[in-house]
Amino acid sequence: MNALDDVPPMIKSLTLKAEAFNQCRTGSHLDSNTIKEVCFDIQIQLLDFISNSFKDIRHAADLSLQSVALHGVGGVGKTSIASSYAEKKYYEEVYDVVAWIHGEKDSSLRQSFTNIAMRLKLPGAQSQADEENQILVHHWLQSTDCKWLLVYDNVESVETLRPYWPRPTKQGRAIITTRNHALGLDPAESSLEVPSWDPETGADCLIFLLKKRIGQDLESENISARDLSKRLSGHALAISQMAGLIYEGEYSIKEFTSMYLQSPHSVHAMDALADLWKYAFESLDKNSFSLLGIISFLQPDGIPPEIYKPSHKVDLPQHLGFLKQHISLVTGPLRQLATRALIKRDKDSRVLTIHRLIQTQFRYFMDHEQHQQAFDNAVTLLDSLLPQSDEEQGQLYDLWEKYNFYLQTVISLRDSFDEDTKEGRVLKASEKFCRILNDYQRTCEVNRAAASTCSSKELRVDLEATILSHLSQVAEQRGEFSKSIKACEDQIRCRKGESPQKKVLLAYSVSNLAISHSSANEFSKAFEYYQEARMWWKLHFDEKCENRQYAASILVHEARCMIELGKFAEAEEMLDTTIAQVKADISLNFGTLSYAQFCRGTLARCRGQPEHAEAHYLEAQNTWIMGDQSRVHPFNASIMYNIGACCLLQGKVEAAIKHIRDSMEVTRVFERILPVHHGRNLFKLSEALTQDGDEMATEAETLRDMAESYLKKQNPDATETGTERDDGTGKNAFATIP
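Residue numbers for the sequence shown follow full-length UniProt numbering, so the first one is 1 and each next one is one higher.
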């Protein structure tokens, strides 16, 4: 550990920095457009020192992952250091695999792990199966012989990072970039502060970036460069932007310094940075200003080109017309923003990236009208990319792949709206923005705040009803049935108060209320609501003079209710109708089809036919997987559980144990929010182990106790935990889940 004591002096040592910089300057042949990254090799060499130190101080690292947290204020080059180090070591073949992980939010971490799974072509990886991909990646990290490096960029908290942090292994290392120095203690094994440069090094960097554009009076240029560097406190991002302004304006450093220092500003360093950004923003042309305004609201780590180069078919406001014109009209603003180091653009993918500090500063820089227009522009462009939902269809299953592609963009737009509103820069939400949030259930709470800013009362009521629908469905999935029923009843009151009434939405709303009552074991009441849902459905299509088949997504749930009421013949007829209807659709809804087959299994189980039930459950699982659905999903866990239960009824104990353990691998992922699902597996496994022999009795008893504790996490008053219904008709603590 003594080796780490040498690190702070190294970082602050001007001699080492200058020496590293001189080596980089004399050895580099890069042109001025790519030279910016090279200057960070000053600190990359220090990171090499840390890398070498790992070998000395982690020789007994069996119980920890070799890892380092690069921490410091925003804009000092943490990401560039990590990126350059990773690239350098990859080409030196130190690592076989280098993965870049966007660590700011849980959603970006999930998406990054999915990208890793897809790029590695891991067996079973699917673009929409984030939870499963996370498990696959963790397993690969533990089992591979490859040397790997993970870079977690811009991590904010250990709580967000923890589920994505790999277990100790000799094959891998990890780097975290963060403003939170505590991450250097947990989970990283060491930390390295990345400070701003001292004035001399910052001046050297500025001259290095502009070595082909500096004035002939080298002494004056050096003095001016040092003044600028001191003024900016050696802030790497600010110096890079300063170089861009000088380069584009064809100034000498002395000339630019005179202009910049003449502007009124405080002596405080952060005010100096704000002045620099203000200077850069004020010099943007109209189109560049509009484009940067849009970008300032989107995800900083990967803005897809479709956002800034929309289809010619898209109807845009006049001031955004340049985005649809000749490519040169778009390239000009992109070039201006890139030259001034405000954005970066990947030449191959055309994806844009922007520093979060620049996004925040620009949103503060814009006046209220510009701020609102930039937000509306971002919403308009995003809305043009999303598929339009059909309220008569009642679900977005067939469109989710495209929705999922833009999930990070939607979340960033949502968070920007939320942050700006809380900080007093109040934005007015457009109908388009609220509709977008409605289609993404995880945005419910922010959408409620957004909906409250709408001027139209009718729109506010419609949005509130949709939000309540989403909240009700989430609560039902979590087993919070009273909360689900209350939200659903409130939603129905909103819908019934609309004029004209949207009867097809009332049909879906009332059916959701029926589902919540079914989940709460109130099947007679659920049956009444299913009849009401049919009434609203008929009224809607009678008004249109259409004879439309009843929605399969409602009918299958009604069939499940009929099973619980003991009306097996009616249920069987409904399931046959559902399956035939789904299979006849051009776009096959694998989710509804799989659930209908699952209900067939439940029906067979209730009839005392475990062999037939097992076959139906297997058919349901095959359909689910065939539709590219996630194996790590609570529904798939329910399928595997029921297969195991059927095997146990047939005396196939080993097969039962296997299927139940497979189900537990999934329910363990969701045990915090779905404790009863995991508890049911524990109970059934204890039952199977009891039948497997006396030597398993101790484990079986332990599992039974654990099952009871999981159940009581959700229902502290539960008492009937000693049985699990195998005939499909008993009512007990576990009867509320499939």
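All C-beta atoms, glycine included, are put in the ideal place defined by N, C-alpha and C.
Count the other CB atoms, across all protein chains shown, that sit within 10 Å of the CB of N512; report buried if there are 16 or more and exposed otherwise.
Here residue 512 refers to the residue found at position 512 when the sequence shown is read from its first residue. With 16 or more other Cβ atoms inside 10 Å of its own Cβ, N512 counts as buried.
What's the gap between the Cα of Q23 and the Cα of V669?
Locating residue 23 in the sequence shown gives position 23, counting from the first residue. Locating residue 669 in the sequence shown gives position 669, counting from the first residue. For Q23, the predicted model reports a pLDDT of 41, less than 50, meaning its position is unreliable; a value from the coordinates is still stated below. Looking at the backbone, the Cα of Q23 and that of V669 are separated by about 50 angstroms.
Exposed or buried, N622, counting other C-beta atoms within 10 Å across all chains shown (16 or more means buried)?
Position 622 of the sequence shown, counted from the first residue, corresponds to residue 622. Answer is exposed; the Cβ neighbour count stays below 16.
What residue does the beta strand (DSSP E) around E193 start on, and which one ends it?
On the sequence shown, position 193 is the one that residue 193 refers to. Taken as a continuous stretch (DSSP letters only), the beta strand (DSSP E) holding E193 covers S190 to E193.
Going by the beta-carbon positions, is the gap between L413 and V461 smaller than 8 angstroms?
Translated into the one-based positions of the sequence shown, residue 413 becomes position 413. Translated into the one-based positions of the sequence shown, residue 461 becomes position 461. Not a contact, by the Cβ cut-off of 8 angstroms.
In the region 283-339, which residue ranges form an unbroken alpha helix (DSSP H) of at least 4 residues, counting only runs that do not cross its ends?
You should have 286-295, 305-308 and 327-339.
Pop quiz: A507 and H540 are said to be a contact at Cβ under 8 angstroms. What is the actual Cβ separation, rounded to whole angstroms?
By 1-based counting over the sequence shown, the position of residue 507 is 507. By 1-based counting over the sequence shown, the position of residue 540 is 540. At roughly 7 angstroms, the Cβ-Cβ gap stays under 8 angstroms, so A507 and H540 are in contact.
Completely contained beta strand (DSSP E) runs for the region 98-182, where each covers 3 or more residues:
148-155 and 172-178, all fully within the region 98-182.
Mark D5 as exposed unless 16 or more other C-beta atoms lie within 10 angstroms of its C-beta, in which case mark it buried.
Taking the first residue of the sequence shown as position 1, residue 5 is located at position 5. At D5 the pLDDT is 45, less than 50, meaning the model places this residue with poor confidence; the figure from the coordinates comes in the next sentence. Answer is exposed; the Cβ neighbour count stays below 16.
By Cβ distance below 6 angstroms, which residues in the same chain neighbour A99 in space, the five residues on each side in sequence not counted?
The residue given as residue 99 occupies position 99 in the sequence shown. Listed in chain order, the non-local C-beta contacts of A99 below 6 angstroms within the same chain comprise I116 and L150, local neighbours out to five positions each way being set aside.
Going by DSSP, name the residue or residues bridged to S67.
Mapped onto the sequence shown, residue 67 falls at position 67. Paired residues: A174.
Below 8 angstroms between beta carbons: does that hold for D153 and A82?
The residue given as residue 153 occupies position 153 in the sequence shown. The residue given as residue 82 occupies position 82 in the sequence shown. Yes.
With distances taken between CB atoms, is the gap from C647 to H659 smaller than 8 angstroms?
The residue given as residue 647 occupies position 647 in the sequence shown. The residue given as residue 659 occupies position 659 in the sequence shown. It is a contact, given that the beta carbons lie within the stated cut-off.
Helix, strand or coil at K211 according to DSSP, with G and I counted as helix
Numbered from its first residue, the sequence shown carries residue 211 at position 211. When secondary structure is reduced to three states using DSSP, K211 falls in the coil class, being assigned neither helix nor strand.
Same chain, Cβ closer than 7 angstroms to L136, five either side skipped, listed in chain order
Counting from 1 along the sequence shown, the entry for residue 136 is found at position 136. Within the same chain, and ignoring the five residues on either side of L136 in sequence, the residues whose Cβ sits closer than 7 angstroms to its Cβ are A117, L122, G124 and A125.
Among D348, D415 and Q361, nearest to G74 - alpha-carbon criterion:
Indexing the sequence shown from 1 puts residue 74 at position 74. Minimum Cα distance to G74 is reached at Q361.
Whole-number beta carbon distance between L245 and R340, since they are thought to touch under 8 angstroms
The residue you call residue 340 lines up with position 340 of the sequence shown. The residue you call residue 245 lines up with position 245 of the sequence shown. A Cβ-Cβ distance of about 6 angstroms is found for the pair R340 and L245, placing them in contact under the 8 angstroms criterion.
Mind pulling the alpha helix (DSSP H) runs of 4 or more residues that sit fully within the region 540-577?
Taken in chain order, the whole alpha helix (DSSP H) runs of length 4 or more contained in the region 540-577 are 552-564.
Pairs of beta-carbons, one from the region 497-505 and one from the region 513-523, closer than 8 angstroms: are there three or more?
Touching, no, given that fewer than three Cβ pairs across the two stretches are closer than 8 angstroms.
Buried versus exposed, by CB contacts within 10 Å (16 or more), E573:
Numbered from its first residue, the sequence shown carries residue 573 at position 573. Classification for E573: exposed.
CB contact flag (A637, V666, <8 angstroms)
Counting from 1 along the sequence shown, the entry for residue 637 is found at position 637. Counting from 1 along the sequence shown, the entry for residue 666 is found at position 666. With contacts defined as CB atoms closer than 8 angstroms, A637 and V666 qualify as a contacting pair.
Assign S518 to one of three DSSP states: helix, strand, or coil.
Taking the sequence shown and counting its residues from 1, one reaches residue 518 at position 518. Here S518 sits in helix by DSSP.
Residues in the same chain with beta-carbon distance under 8 angstroms from T592, minus the five sequence neighbours each way, listed in chain order, please.
For the purposes of this step, residue 592 is taken as the residue at position 592 of the sequence shown. Contacts found: Y397, A552, S553, V556, T578 and V582.
When you compare each of F523, L183, A707 and N222 to T257 by their alpha carbons, which one comes out closest?
Along the sequence shown, read from residue 1 onward, the residue named residue 257 stands at position 257. Ranking the options by Cα distance to T257, first place goes to N222.
If you draw a straight line from the C-alpha of D301 to the C-alpha of Y279, how long is it?
Translated into the one-based positions of the sequence shown, residue 301 becomes position 301. Translated into the one-based positions of the sequence shown, residue 279 becomes position 279. If I take the Cα positions, the gap works out to 25 angstroms.
What does DSSP give as the partner residues of L352 in its beta bridges?
Counting from one through the sequence shown, the residue named residue 352 turns up at place 352. According to DSSP, L352 bridges with I303 and R345.
Under 8 angstroms by Cβ, that's how I've got F598 and C561 pegged, so tell me the actual separation to the nearest angstrom.
Your numbering for residue 598 matches position 598 in the sequence shown. Your numbering for residue 561 matches position 561 in the sequence shown. Contact flag wrong, Cβ pair sits at about 14 angstroms.
Just checking my contact of L192 with G172 at CB under 8 angstroms: how many whole Å lie between their CB atoms?
One-based indexing of the sequence shown puts residue 192 at position 192. One-based indexing of the sequence shown puts residue 172 at position 172. A Cβ-Cβ distance of about 18 angstroms is found for the pair L192 and G172, leaving them out of contact under the 8 angstroms criterion.
Going by DSSP, what residue range makes up the alpha helix (DSSP H) through E419?
On the sequence shown, position 419 is the one that residue 419 refers to. L407 to K422 is the span of the alpha helix (DSSP H), which, as asked, contains E419.
Are the region 420-438 and the region 343-355 touching, with three or more C-beta to C-beta distances below 8 angstroms?
By the Cβ criterion, the region 420-438 is not in contact with the region 343-355, since fewer than three pairs of Cβ atoms, one from each stretch, lie closer than 8 angstroms.
Using the Cα positions of L575 and Y595, report the straight-line distance between them to the nearest angstrom.
Start at 1 with the first residue of the sequence shown, and residue 575 comes out as number 575. Start at 1 with the first residue of the sequence shown, and residue 595 comes out as number 595. Between L575 and Y595, the C-alpha separation is close to 10 angstroms.
Given 8 angstroms, three or more beta-carbon pairs between the region 204-213 and the region 172-183:
As far as the Cβ criterion goes, the region 204-213 does not touch the region 172-183, which means the pair count is below three.
How far does the alpha helix (DSSP H) with D227 in it extend, from its first residue to its last?
As a first step, residue 227 must be located in the sequence shown, where it is residue number 227. Counting along the chain, the alpha helix (DSSP H) containing D227 begins and ends at L218 to R231.
In chain order, what residues of the same chain have a beta carbon less than 6 angstroms from the beta carbon of K496, not counting five sequence neighbours either side?
Locating residue 496 in the sequence shown gives position 496, counting from the first residue. Excluding positions up to five away in sequence, the list is empty.
Could you work out which residue in S283, G608 and S224 is closest to K254 when comparing CA atoms only?
Within the sequence shown, residue 254 is the residue found at index 254, counting from 1. Nearest neighbour of K254 by Cα position, chosen from S283, G608 and S224, turns out to be S224.
Give the DSSP-derived three-state secondary structure of D31 in the structure shown.
Within the sequence shown, the letter at position 31 stands for residue 31. Residue confidence for D31 is low, a pLDDT of 44 falling below 50, so the modelled location carries little weight and cannot support an answer.
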